[in-house]
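Going down the list, the protein sequences come from chains A and B.
Per this note's numbering: the first sequence = residues 1 to 230.
Per this note's numbering: the second sequence = residues 231 to 460.
Glycine included, C-beta positions come from ideal geometry on N, C-alpha and C.
There are 2 protein chains.
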Amino acid sequence: MDAVDWAIIKSTPLFGAMASQTAQALVGHAAPRQYEKGTTLFLQGEPAEAFFIVLDGWVKIYRTTPDGLEVVLHVFTSGETFAEAAIFLGGRYPASGETAAPSRLLRVDGAAFRARIEERPALAMSMLASASYQLKFLVEQIEQIKVRSAPQRIADFLVRMTEVRKGEAVIELPFEKGLLANRLGMKPESFSRALAQLRAHGVTAERGTISIADIGRLLSFVEFVPEDDA
Amino acid sequence: MDAVDWAIIKSTPLFGAMASQTAQALVGHAAPRQYEKGTTLFLQGEPAEAFFIVLDGWVKIYRTTPDGLEVVLHVFTSGETFAEAAIFLGGRYPASGETAAPSRLLRVDGAAFRARIEERPALAMSMLASASYQLKFLVEQIEQIKVRSAPQRIADFLVRMTEVRKGEAVIELPFEKGLLANRLGMKPESFSRALAQLRAHGVTAERGTISIADIGRLLSFVEFVPEDDA
Numbered sequence: 001m002d003a004v005d006w007a008i009i010k011s012t013p014l015f016g017a018m019a020s021q022t023a024q025a026l027v028g029h030a031a032p033r034q035y036e037k038g039t040t041l042f043l044q045g046e047p048a049e050a051f052f053i054v055l056d057g058w059v060k061i062y063r064t065t066p067d068g069l070e071v072v073l074h075v076f077t078s079g080e081t082f083a084e085a086a087i088f089l090g091g092r093y094p095a096s097g098e099t100a101a102p103s104r105l106l107r108v109d110g111a112a113f114r115a116r117i118e119e120r121p122a123l124a125m126s127m128l129a130s131a132s133y134q135l136k137f138l139v140e141q142i143e144q145i146k147v148r149s150a151p152q153r154i155a156d157f158l159v160r161m162t163e164v165r166k167g168e169a170v171i172e173l174p175f176e177k178g179l180l181a182n183r184l185g186m187k188p189e190s191f192s193r194a195l196a197q198l199r200a201h202g203v204t205a206e207r208g209t210i211s212i213a214d215i216g217r218l219l220s221f222v223e224f225v226p227e228d229d230a
Numbered sequence: 231m232d233a234v235d236w237a238i239i240k241s242t243p244l245f246g247a248m249a250s251q252t253a254q255a256l257v258g259h260a261a262p263r264q265y266e267k268g269t270t271l272f273l274q275g276e277p278a279e280a281f282f283i284v285l286d287g288w289v290k291i292y293r294t295t296p297d298g299l300e301v302v303l304h305v306f307t308s309g310e311t312f313a314e315a316a317i318f319l320g321g322r323y324p325a326s327g328e329t330a331a332p333s334r335l336l337r338v339d340g341a342a343f344r345a346r347i348e349e350r351p352a353l354a355m356s357m358l359a360s361a362s363y364q365l366k367f368l369v370e371q372i373e374q375i376k377v378r379s380a381p382q383r384i385a386d387f388l389v390r391m392t393e394v395r396k397g398e399a400v401i402e403l404p405f406e407k408g409l410l411a412n413r414l415g416m417k418p419e420s421f422s423r424a425l426a427q428l429r430a431h432g433v434t435a436e437r438g439t440i441s442i443a444d445i446g447r448l449l450s451f452v453e454f455v456p457e458d459d460a
């Protein structure tokens, strides 16, 4: 494998946050292979023998329904791994895999991979650490983008802090506003400005106590999306 | 631990997709403990001795700068784990942890945890499988929400398929539109409608060939956010 291939492997969540040497020890000495479009990589129900790292191309993962219909579950591309959960668990492939375009893949043999980890459990720990970093990063990203505006993000947090679902509600912030701003991915100034904007939605703050005039109204503000044609 | 505690542990990414027995084998027999607000759990630079699962409350992770300033890196709450990467890697805590509110935490001893995994590497595999499922789920969620509208998501995909960054561009779709719709989290009908809407942005499709009149213009459409006060 060349430097470009390694860079791609190191861009996957499972191998990203580890030393190159560790990644190398995990994937072993297999060489990447070029696959034509339409190549079956594995079939649903077969014993899981390998997982794959996509270096280039597209792979579809699909299931066949009892009446012969093909349902695509995922489409994977460069920098993504697939079928690794089946290898980790040592079972059967829960779905089939087929290249959807000419693809360059690294096939990592499952038995060899498991043997390497059994010999050196620290390798599994490195993957877990990498996965764990990536999980936190993604959770943070989602929290910061899922509710669009800063006032919506604060409102979202507030409605989660109470079980009241209609009428008035009073919430004690569990800690200082600076921490909450951090949790919501905002600068303290943006937080204060956004909190002030929530007055228009019936939210008043006095130190750590937040009064909500109508939680139902705030809930609809949280869920309000200005435009959606998806 | 009671059923509620177990439900929370099973809602964490690392323990979510495994049998309860496996989760139990991993966390061991430690009992959750109640911590007062302001309790230091560990300090930056100390050898990492344990990781934590938040059952209730709030924990802040912070670093202290050379000039004594406290910088908060994360705030964790119920259903989240922290400091596990330090335990997986067996090093020192890269930051300090302190409860930001009264909190109920499960402290999992690192040495015991590593010993359990060394004895039964399959336990690490279960965690890896769980992390791997969760990673895919989060990546998918991000792809589906980060660019808001369906036409923006298609445009985002198209600009990634070419290295051209100004003027005209022609792209061959690597596979049928149905797969692309799946990858972008859309129904085929929504996909066709959204693709048609892209005509207004200079995108014309003829079978698998997509012509883009001005890639710069399409790029600004991808990055257009109707409103942002964060």
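When secondary structure is reduced to three states using DSSP, glutamine 274/B falls in the coil class, being assigned neither helix nor strand.
Taking a cut-off of 8 Å on C-beta distances, the region 313-328 of chain B touches the region 264-273 of chain B, as three or more cross pairs fall below it. Residue Ser20/A holds the alpha-carbon nearest to the alpha-carbon of aspartate 2/A among Pro47/A, Ser20/A, Leu123/A and Val71/A. Cβ neighbours of glutamine 34/A within its own chain (closer than 6 Å, five residues either side excluded): Arg104. Just so you know, the alpha carbons of valine 170/A and leucine 198/A end up roughly 15 Å apart. With a 10 Å radius around the Cβ and a threshold of 16 neighbouring Cβ atoms, glycine 397/B comes out exposed. Bridge pairing for valine 54/A: Leu105/A [DSSP]. In this structure, the beta-carbon distance from lysine 187/A to alanine 181/A falls below 8 Å.
Boundaries of the beta strand (DSSP E) around arginine 33/A: 33-35. One Cα belongs to phenylalanine 82/A, the other to alanine 48/A, and the distance between them is close to 12 Å. Per DSSP, the beta bridge partners of histidine 74/A are Ile61/A. Spanning the alpha carbons of isoleucine 440/B and leucine 403/B requires a straight line of approximately 7 Å. According to the DSSP assignment, glutamate 328/B belongs to the beta strand (DSSP E) that extends over 326-329. Interface annotation, glutamine 24/A: not in contact with chain B, CB-CB separation never under 8 Å. Rounded to the nearest angstrom, the gap between the Cα atoms of methionine 248/B and serine 356/B is 6 Å. Distance from valine 75/A to leucine 368/B at the Cβ level is roughly 17 Å; contact not present, criterion being Cβ atoms closer than 8 Å.
Counting the other CB atoms within 10 Å of its CB gives proline 13/A a total of 16 or more, which places it among the buried residues. For the options Ser130/A, Ser192/A and Gly110/A, the alpha carbon positioned closest to that of glycine 28/A is the one of Gly110/A. Alanine 260/B sits in coil when the DSSP states are folded into three classes, being neither helix nor strand. Chain-order list of chain A residues neighbouring glutamate 314/B: Leu128, Ala129 and Ser132, by C-beta distance under 9 Å. Annotation: the continuous beta strand (DSSP E) that includes serine 441/B extends over 439-442. Non-local beta-carbon contacts of glutamate 314/B in its own chain, meaning distances under 6 Å to residues more than five positions away in sequence, involve Phe281 in chain order.
With respect to the 8 Å criterion, alanine 261/B and lysine 240/B are not classified as neighbours on the basis of their beta carbons. Where valine 4/A is concerned, the enclosing alpha helix (DSSP H) starts and stops at 3-9.
Beta bridge pairing from DSSP links arginine 322/B with Pro277/B. Taking the Cβ atoms as the reference, glutamine 364/B lies roughly 6 Å from glycine 246/B, within the contact range of under 8 Å. Using a Cβ distance threshold of 8 Å, leucine 73/A and tyrosine 62/A count as a contacting pair. Within chain B, the residues placing a beta-carbon under 8 Å from that of isoleucine 117/A are Pro351, Ala354 and Met355, ordered along the chain. Residue contact check for alanine 260/B against chain A: no CB pair falls below 8 Å. If you compare the alpha carbons of Ala124/A, Ile87/A, Ile215/A and Gly38/A with that of valine 108/A, the shortest gap goes to Ile87/A. Put simply, of Thr295/B, Glu310/B and Glu276/B the residue whose alpha carbon is nearest the alpha carbon of valine 289/B is Glu310/B.
Sixteen is the threshold: since fewer than 16 other Cβ atoms of the shown chains lie within 10 Å of the Cβ of alanine 115/A, the residue is exposed.
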